[in-house]
Amino acid sequence: MTVITTNIWEGDVSNDWNTAGNWACGVVPTLTSDAQIPVITAPNLYPVITGATGGGFADVRNVSIASGATITVTNNGTGVFRIAGIISNNGTVDAINGTVAFLGTTAQSIPANTFHTNFIRNLTIDNAAGVTLAGNLNLTGILTAKAGQFTTGDQLVLKSNVATTAMVAPVTGSVSGMMTIERYIPARRAFRMISSPVNGGSIFNNWQEGAPQGDIPGFGTDITGAGAGTNGFDASLSNNPSLFTYDNVGGTSWVAVTSTLTNNLMAGKPLRMLVRGDRTINQESNYATPTITTLRSRGTIATGDVTFTNLSQTGGRSNFIGNPYQAPVDMEAVLNGSTNLNKGYYFFWDPTLGGTPVVGQD
Numbered sequence: 001m002t003v004i005t006t007n008i009w010e011g012d013v014s015n016d017w018n019t020a021g022n023w024a025c026g027v028v029p030t031l032t033s034d035a036q037i038p039v040i041t042a043p044n045l046y047p048v049i050t051g052a053t054g055g056g057f058a059d060v061r062n063v064s065i066a067s068g069a070t071i072t073v074t075n076n077g078t079g080v081f082r083i084a085g086i087i088s089n090n091g092t093v094d095a096i097n098g099t100v101a102f103l104g105t106t107a108q109s110i111p112a113n114t115f116h117t118n119f120i121r122n123l124t125i126d127n128a129a130g131v132t133l134a135g136n137l138n139l140t141g142i143l144t145a146k147a148g149q150f151t152t153g154d155q156l157v158l159k160s161n162v163a164t165t166a167m168v169a170p171v172t173g174s175v176s177g178m179m180t181i182e183r184y185i186p187a188r189r190a191f192r193m194i195s196s197p198v199n200g201g202s203i204f205n206n207w208q209e210g211a212p213q214g215d216i217p218g219f220g221t222d223i224t225g226a227g228a229g230t231n232g233f234d235a236s237l238s239n240n241p242s243l244f245t246y247d248n249v250g251g252t253s254w255v256a257v258t259s260t261l262t263n264n265l266m267a268g269k270p271l272r273m274l275v276r277g278d279r280t281i282n283q284e285s286n287y288a289t290p291t292i293t294t295l296r297s298r299g300t301i302a303t304g305d306v307t308f309t310n311l312s313q314t315g316g317r318s319n320f321i322g323n324p325y326q327a328p329v330d331m332e333a334v335l336n337g338s339t340n341l342n343k344g345y346y347f348f349w350d351p352t353l354g355g356t357p358v359v360g361q362d
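So, in structure tokens, the structure goes:
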């Protein structure tokens, strides 16, 4: 017979989860014991998980947090709160600067509104039986799908801002369902070499935000081209194209995208796009001040190996390829693992550098 012990937090000694004297029974919870965090009164303290003790972990099987009670997971992601069972939160779990790992042996769920303001820094899925997200969640750090299937419920957002962009670590488990992935772009009118990190819907519904009435400041961008409106493009003074693919096989030309309604996001498909700012930019003026913006891509992420087709095999030519992953790519490893390529260099586009126009250039 297995007896599951329920430990009740008192916080008599400190706010350290791994200090036995803070628990009513004098024993620190483990992955096989439960914990309750009740409302306590000063001078007692609520638990703060920093990773400084317990080998960097704070462990529990089932945990319940009373209304008015608080758990804080912090220390820039080094504090790891490991949960093997159920989390029942009627209070506050603040993991904005922490890591939470779900590593049970039976299926687990992350209920809606589990985390304070629906934000978390790092999330680790390490449960062969699977973990399901049951409510909106914004992630600012790293998603690690280590084992089992993580079902997003189409409710996970990977955030991006001027300081950081959320990433997905190499997936050794699996991820099911869509997520929304943001990409912050600073205020500068410039061409960007960009690729989607997801397979999803149309460019129109994603990077143009579906062209809503009353555009949301700070999101999306205007994309122009021939047949504005009919082909999904935004109207401008000239209707010159601002979104291009490259003809790798021909190897000599950029090709304007003919419609944002019929072209869908494809993980790793490279594009050259003029980003002027968000969708509040006045396209009737050639002197509109650029604004910062965030592009949102909604769909399923690419995992594992990704195969690129329509590449030139002609000696001396270059191929335009995109990053299919929501993470940086080690180009040295890519080149060293390749054959029939010049491993001595690759081209990198820096949109912050200026340029000098020449005759005939748009």
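Numbering follows the numbering used here, in which position 194 of the sequence shown is assigned residue number 194; successive positions increment by one, without gaps. For each residue, glycine too, the CB sits at the ideal point set by N, CA and C. Remember, it's a predicted structure, so these values are computed and weren't measured experimentally.
Proximal residues to Lys343 (C-beta, below 7 Å), its chain only, five neighbours per side dropped | Leu335, Asn336
DSSP three-state assignment for Leu311, whether helix, strand or coil | coil
From Gly200 to Gly268, what distance separates their C-alpha atoms?
-> 12 Å
Residue from Ala288, Ala187, Leu265, Thr289 whose Cα sits closest to the Cα of Asn323 = Leu265
Name, in chain order, the residues that DSSP records as bridge partners for Asp34.
-> Thr6
Can you say whether Ile8 is buried or exposed, counting buried as having 16 or more other CB atoms within 10 angstroms of its CB?
-> exposed
Between the stretch 279-291 and the stretch 248-267, are three or more C-beta pairs nearer than 8 Å?
-> no
Roughly how many angstroms lie between the CA atoms of Asn270 and Asp12, to the nearest whole one?
-> In the sequence as presented, Asn is not what sits at residue 270; that position holds Pro. Cα to Cα, Pro270 sits roughly 57 Å from Asp12.
Take the Cβ of Ile281 as the centre, count every other Cβ of all protein chains shown within 10 Å, and call the residue buried at 16 or more, exposed below.
-> buried
Measure the beta-carbon distance from Asn240 to Thr224 and round it to whole angstroms, keeping in mind my assumption that it falls under 8 Å.
-> 6 Å
Within its chain, find whatever has a CB closer than 7 Å to the CB of Asn90; leave out the 5 residues flanking it on each side and keep chain order.
-> Ile65, Ala66, Ser67
What separation, rounded to the nearest whole angstrom, lies between the Cα atoms of Asp305 and Asn22?
-> 48 Å
Between the beta-carbon of Gly173 and the beta-carbon of Thr151, is there less than 8 Å?
-> no
Could you tell me whether the stretch 123-136 touches the stretch 70-79, where touching means 3 or more Cβ pairs closer than 8 Å?
-> no
Comparing alpha-carbon positions, which option in Met193, Gly218, Thr289, Gly54 lies nearest Thr245?
-> Met193
Cα-Cα separation, Gly354 to Arg188 | 11 Å
By how many angstroms is the C-alpha of Lys159 removed from the C-alpha of Leu237?
-> 33 Å
Report the rounded CA-to-CA distance for Thr5 versus Ser33, giving the unit in angstroms.
-> 5 Å
Could you please give me the residues that DSSP links to Ile194 through a beta bridge?
-> Leu271
Among Ser297, Ser88, Thr105, Phe115, which has the Cα closest to the Cα of Thr99?
-> Phe115
Quick one: is Leu341 buried, meaning 16 or more other Cβ sit within 10 Å of its Cβ, or exposed?
-> exposed
Cα-Cα separation between Phe57 and Asp350, rounded to whole angstroms | 41 Å
Own chain, CB closer than 6 Å to Val275, minus 5 neighbours either side, in chain order | Ile185, Arg192, Thr221
Between Asn118 and Gln313, what straight-line distance do the alpha-carbon atoms span, to the nearest angstrom?
-> 48 Å
Could you give the distance in angstroms between the alpha-carbon of Ala107 and the alpha-carbon of Asn231?
-> 45 Å
Between the Cα of Ala226 and those of Ile216, Ser242, Pro212, Gly214, spot the shortest distance and give me the residue it belongs to.
-> Ser242
Locate the beta strand (DSSP E) running through Phe81, then write down its first and last residues.
-> 80-83
Looking at the unbroken alpha helix (DSSP H) that takes in Glu332, where does it start and where does it end?
-> 331-336
Range of the contiguous beta strand (DSSP E) that encloses Asn395 = In this structure the chain extends from 1 to 362, so residue 395 is not present and cannot be described.
Inter-residue Cα distance where the pair is Pro111 and Ala134 | 5 Å
Using beta-carbon positions only, say whether Val367 and Ile40 come within less than 8 Å of one another.
-> The chain is shown only over 1 to 362; residue 367 falls outside these bounds and no answer can be derived.
Just checking my contact of Asn18 with Val28 at CB under 8 Å: how many whole Å lie between their CB atoms?
-> 5 Å
Can Asn15 and Pro38 be called in contact, C-beta distance under 8 Å?
-> no
Cβ-Cβ distance between Ile321 and Thr260 below 8 Å = no
Note down the Cα distance separating Thr352 from Ala190, rounded to an integer number of angstroms.
-> 8 Å
First through last residue of the alpha helix (DSSP H) which encompasses Phe102 | Here Phe102 belongs to no alpha helix (DSSP H); instead the beta strand (DSSP E) covers 92-102.
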